[in-house]
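Have a look at the structure below, then the notes.
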Amino acid sequence: MARISKSEALARLHEKALTQFSDIQTALRDERLQCLQDRRFYSLTGSQWEGPLRDIYENKPKFEVNKIHLSVIRIINEYRNNKVTVDFIPKDATPKADSLAETCDGLFRADEQDSVADEAYDNAFEEAVGGGFGAFRLRTVYEDEEDPENEQQRIVIEPIFDADSSVFFDLDAKRQDKADAKFAYVIYSMTRKAYIDAFGDDPSDWPKVVHQYEFDWQTPDVVFVAEYYQVEHKSETIRIYERMDGTEERYAQSEFDEDPELETRLDAIGAIEVRQRKIKTRKVRKYLMSGGKILEDQGYIAGKNIPIVPVYGKRWFVDNVERCMGHVRLAKDAQRLKNMQLSKLGEISALSSVEKPILLPEQVAGHQVMWSEDNLRDYPYLLVNPITGPDGATQPAGPVAYTKSPNIPPAMAALLELTERDMRDILGNQEGGDKIVSNISGKAVEMIQQRLDMQAYIYMSNFSKAKKRAGEVWLSMAQDVYVEPKRRMKKLGENAEVEMIELMAPAIGEKGEVITENDLSEAKMDVWVDIGPTSASKREATVRALTGMMQVTQDPETSQVLQAMAMMNMEGEGISDVRDYFRQKLLRMGVIKPTEEEAEQLAAMLQGQSDPNAVFLQAAAEEAIAKAAQARANTVKTVADAELSRAKTQETLAKIGIEDDKATLEGLRAVRDFARE
1 MARISKSEAL ARLHEKALTQ FSDIQTALRD ERLQCLQDRR FYSLTGSQWE
51 GPLRDIYENK PKFEVNKIHL SVIRIINEYR NNKVTVDFIP KDATPKADSL
101 AETCDGLFRA DEQDSVADEA YDNAFEEAVG GGFGAFRLRT VYEDEEDPEN
151 EQQRIVIEPI FDADSSVFFD LDAKRQDKAD AKFAYVIYSM TRKAYIDAFG
201 DDPSDWPKVV HQYEFDWQTP DVVFVAEYYQ VEHKSETIRI YERMDGTEER
251 YAQSEFDEDP ELETRLDAIG AIEVRQRKIK TRKVRKYLMS GGKILEDQGY
301 IAGKNIPIVP VYGKRWFVDN VERCMGHVRL AKDAQRLKNM QLSKLGEISA
351 LSSVEKPILL PEQVAGHQVM WSEDNLRDYP YLLVNPITGP DGATQPAGPV
401 AYTKSPNIPP AMAALLELTE RDMRDILGNQ EGGDKIVSNI SGKAVEMIQQ
451 RLDMQAYIYM SNFSKAKKRA GEVWLSMAQD VYVEPKRRMK KLGENAEVEM
501 IELMAPAIGE KGEVITENDL SEAKMDVWVD IGPTSASKRE ATVRALTGMM
551 QVTQDPETSQ VLQAMAMMNM EGEGISDVRD YFRQKLLRMG VIKPTEEEAE
601 QLAAMLQGQS DPNAVFLQAA AEEAIAKAAQ ARANTVKTVA DAELSRAKTQ
651 ETLAKIGIED DKATLEGLRA VRDFARE
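Heads up: the sequence shown begins at 1 in this note's numbering, then just goes up one per residue.
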């Protein structure tokens, strides 16, 4: 079978992509159009009169009292006060896996901060609440685009505006996060001149078959361009080589195809191929296309997933078609009815409430200026001319009749009340949560607030599914992008503390073996999400809890720890240095665990300058040792003196005995000599 050229393959792919997109447009056009209309209805002034009503109320007052907007904003505020955070959970319960999960958490938070991901999240959530569908994207960019030598990349999270008009997944994808999608489109428009300058392609030369599709890829003013993502599943051969030291290395067959000398180098170092294995790989290829052709084949992107994350307000399938809507659609008719009633009421009230006389022309002839200026000058009286009677004689006459003020229809007042009640039922009783009623318990207030929060729960729950998908896409991309050994990267902690880590850094394991830390290729993680208060709200709640605990504790050391923790969580201008001081204090007390950088600083500080407490304790210990030694010496001296005294006593006694014996002998000698005489 003859191989087709690349241009022919792209032409076939383009025809297939146009057909697929036309099928999607046919199925979703009405649904997505309603999403756009809903967003316009609550956010743009005058849009609540779009459609047939505008023609009916032509040249009449058209007032808007936009209550839907306030209800939508309340849900958005609830979301912004309760952020959804991503947490990576290791599948293996090992210390190394836990450390790697913490690394993934920190890198993800750092990428969110650097790319201002809050803008993408907020836009997607607001479009989902207002219209029913929003989206954001993940993309890789060079860390320093101005440095040609720097090949390192970071992952950014970007908004997609007007997602209901620009983001489309294949119709067979049933999962809400679109993890099962095989292809996707992101549409954006360009002016005809900008399109021709960028791609050198004139839409006038496109084949006419393009116009047979429902979606018109070009208009007299703009040209539409699409990013087309296609998932490819391929089987690949992995060749395992054993080196001379017994270690194994794996190489894909594609690496040998790209580098013909790879096998020669492996033979030169004594590596032997021991086995092969077939694996299935999943990759995503990105194309740039218009209605005329494939403009660019941008190759495979990082990761194994389409990097477009959808966000739904409310979602379900009906008649095998995906349906979605936000907080606006069901309240539109009630809002229109209220606007109509208020406009009619305003029109009625604008008419004059003063009864005006109706006169014959001959009665005001010559006095027209007086009658026309009466509302300005307030004349004390007005003049009229007499009229001519049937007999030809003049006679005075009053006004023929009087105008009357219009009456408000009785049904209008009742209808206004019903409309207001319907809007409260549909949008929720917003006023109930804003009123502070006296003589009710705090628990009752909390229950009222929880009831109002439940109106926003479905939107928060659906957004948490989108954030979970974002974590999965990010991890897949990070395993392809963050691969440089010893690359230093910023990691962000839960409380926004910054720490630097090193990728694939060698370290010593628990058993003394050499391991590699922060190697994302080994990250086997589940992604979990948590819905909770914002960081500022958490800090305020923590301070309140700590100050409450200080009132009941009796231990001075515990009170000191609680005070330091409260100061660490304080918010305010110029308080960062104070927080740092109390953090260092808790570190020295051993209350909190230091980061690697803080541990190094603490060790250096202890080497250069001793802790006063440690110095005091050491001095006290040395003093105690000295006193003990002195006491021991005194005891020895006392014992020695006692021994000396005893020895002297024995010597004295001995001397006394000798003298006595000597005196006795002398006496005996004297007696003996006397006897001889």
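By construction, the Cβ of each residue, glycine as well, lies at the ideal position given by its N, Cα and C atoms.
Coil, strand or helix - residue i by DSSP
i, result
"Pro-396", "coil"
"Leu-262", "helix"
"Phe-256", "helix"
"Val-437", "Below a pLDDT of 50, predicted positions are generally treated as unreliable, and Val-437, at 47, falls in that range; the measurement from the model is reported next regardless. In this structure, Val-437 counts as coil in the three-state DSSP scheme."
"Pro-159", "strand"
"Val-309", "strand"
"Val-578", "helix"
"Tyr-195", "helix"
"Pro-594", "coil"
"Phe-108", "helix"
"Gln-83", "Checking the sequence, you will find Lys at residue 83 rather than Gln. Coil at Lys-83, not helix or strand."
"Ala-9", "helix"
"Gly-548", "helix"
"Arg-3", "coil"
"Gly-134", "strand"
"Phe-380", "Just to set this straight, residue 380 is Pro in the shown sequence, not Phe. The answer is coil: DSSP assigns Pro-380 none of H, G, I, E or B."
"Lys-280", "strand"
"Glu-242", "strand"
"Lys-178", "coil"
"Ala-621", "Below a pLDDT of 50, predicted positions are generally treated as unreliable, and Ala-621, at 49, falls in that range; the measurement from the model is reported next regardless. DSSP places Ala-621 in helix when its eight states are reduced to three."
"Ser-115", "coil"
"Lys-356", "coil"
Residue closest to residue i, alpha-carbon to alpha-carbon, out of the options
i, options, result
"Tyr-185", "Ser-476, Asp-164, Arg-250 and Asp-201", "Asp-164"
"Thr-247", "Leu-330, Glu-263 and Glu-273", "Glu-273"
"Lys-174", "Ile-426, Ile-56 and Glu-322", "Glu-322"
"Tyr-195", "Ala-523, Ala-566 and Gly-292", "Gly-292"
"Leu-382", "Glu-58, Gln-152, Thr-394 and Ala-365", "Ala-365"
"Met-565", "Thr-553, Arg-275 and Ile-592", "Ile-592"
"Ala-17", "Ile-4, Val-231 and Asn-81", "Val-231"
"Ser-235", "Ile-279, Phe-136, Tyr-459 and Glu-227", "Ile-279"
"Phe-215", "Ala-27, Leu-427 and Thr-558", "Ala-27"
"Ile-160", "Glu-146, Asp-202 and Glu-119", "Glu-119"
"Pro-396", "Cys-35, Asp-202 and Glu-362", "Glu-362"
"Met-500", "Arg-377, Asn-518, Arg-285 and Val-225", "Asn-518"
Euclidean distance between Cα positions of residue i and residue j
i, j, result
"Asn-77", "Val-129", "12 Å"
"Asp-680", "Asp-221", "Here the chain has residues from 1 to 677 only, and residue 680 is not among them."
"Lys-178", "Met-244", "46 Å"
"Thr-264", "Gly-270", "10 Å"
"Leu-295", "Leu-288", "5 Å"
"Ile-401", "Lys-60", "According to the sequence displayed, residue 401 carries Ala and not Ile. Taking the straight line from one Cα to the other gives about 28 Å."
"Ser-7", "Phe-88", "43 Å"
"Ser-405", "Ser-349", "9 Å"
"Lys-681", "Leu-475", "Lying before the first or after the last residue shown, residue 681 is absent from the chain, which here runs from 1 to 677."
"Leu-262", "Ala-268", "10 Å"
"Gln-20", "Lys-182", "11 Å"
"Glu-598", "Ile-575", "20 Å"
"Val-473", "Glu-31", "27 Å"
"Thr-553", "Leu-562", "9 Å"
"Pro-594", "Leu-587", "7 Å"
"Arg-275", "Ile-238", "9 Å"
"Thr-558", "Gly-590", "13 Å"
"Arg-12", "Val-167", "23 Å"
"Trp-371", "Met-340", "35 Å"
"Pro-380", "Asp-374", "9 Å"
"Arg-74", "Glu-497", "31 Å"
"Asp-162", "Arg-579", "42 Å"
"Trp-217", "Thr-103", "45 Å"
CB contact below 8 Å: residue i versus chain E
i, result
"Cys-35", "Any reference to chain E falls outside this structure, which holds one protein chain only."
Note to self: Could you tell me which whole beta strand (DSSP E) segments of length 3 or greater appear in the segment 458-537?
What the structure shows: 488-492, 498-502, 505-508, 514-517 and 525-531
Check: Is the segment 251-271 in contact with the segment 307-314, if contact means three or more CB pairs nearer than 8 Å?
Finding: no
Checklist line | 4 or more residues per run - each alpha helix (DSSP H) lying fully within the segment 40-80 | finding: 52-56
Note to self: Taking contact to mean 3 or more Cβ pairs, one atom from each stretch, closer than 8 Å, check whether the segment 130-140 and the segment 30-47 are in contact.
What the structure shows: yes
Margin query: Would the segment 516-535 count as touching the segment 82-100 if we require 3 or more Cβ pairs under 8 Å?
Written below: yes
Note to self: Runs of 3 residues minimum, wholly inside the segment 289-342: which ones carry the beta strand (DSSP E) assignment?
What the structure shows: Whole beta strand (DSSP E) segments, 3+ residues: 294-300, 308-312, 314-318 and 321-325.
Notebook entry, point to check: Using 8 Å as the threshold, is the segment 46-54 in touch with the segment 329-348, meaning 3 or more CB pairs across them?
Noted result: yes
Note to self: Count Cβ pairs between the segment 352-361 and the segment 394-414 that sit closer than 8 Å; are there 3 or more?
What the structure shows: yes
Check: Would you say the segment 111-126 touches the segment 60-70, given that touching needs at least three Cβ pairs under 8 Å?
Finding: no
Next item on the list: Answer yes if the segment 386-397 comes into contact with the segment 408-428, meaning at least three C-beta pairs across the two stretches below 8 Å, and no otherwise.
Entry: no
Notebook entry, point to check: Quick one: complete alpha helix (DSSP H) runs, 4+ long, within the segment 402-429?
Noted result: 410-427
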